[in-house]
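Written out below as structure tokens is the structure these notes cover.
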Amino acid sequence: MSNTKCRTGRPLRKGTPTDKDYIRLMETLEQYILELDGVDIQGLDELRSMRRSSVVEIQQLMQMLEFRSQTSVDSAPVNNSNPPDS
60 MSNTKCRTGR
70 PLRKGTPTDK
80 DYIRLMETLE
90 QYILELDGVD
100 IQGLDELRSM
110 RRSSVVEIQQ
120 LMQMLEFRSQ
130 TSVDSAPVNN
140 SNPPDS
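Residues 60 to 145 in the working numbering are what the sequence shown lists, from first letter to last.
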């Protein structure tokens, strides 16, 4: 785990696409988008704009998580060496 910390002071995790926390977070963000899609804006442009900006922000968070998970997987050390014979 890295020493990088988020704004709350908690350490950032390097999630992978198979990590339970990563999967749960991605599913939660997808649910938020679906809930926002169900909001009745009653033809109000201001509400439409607010809903759209919220969806865009969630999509950006999802892209960031996907990127972090890929860099986390790509930068994982690979040990191809054989152990030394004693």
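Glycine included, C-beta positions come from ideal geometry on N, C-alpha and C.
When the options are compared against residue i, the one with the closest alpha-carbon
i: V115; options: Q129, L93, L103; result: L93
i: Y91; options: R127, Q118, D80; result: Q118
i: M148; options: D96, T130, F126; result: In the structure as shown, the chain starts at 60 and stops at 145, and residue 148 therefore has no counterpart that could be examined.
i: M123; options: T77, R111, L84; result: L84
Limits of the unbroken alpha helix (DSSP H) element including residue i
i: D96; result: 79 to 96
Within-7 Å CB hit, residue i to chain C
i: M123; result: Among the protein chains of the structure shown there is no chain C, as only one such chain exists.
DSSP three-state assignment for residue i, whether helix, strand or coil
i: D99; result: coil
i: S61; result: The pLDDT assigned to S61 is 45, lower than 50, so where the model puts this residue is not dependable, and the model offers no usable value.
i: S145; result: For S145, the predicted model reports a pLDDT of 49, less than 50, meaning its position is unreliable and no value from the coordinates is stated.
i: T75; result: coil
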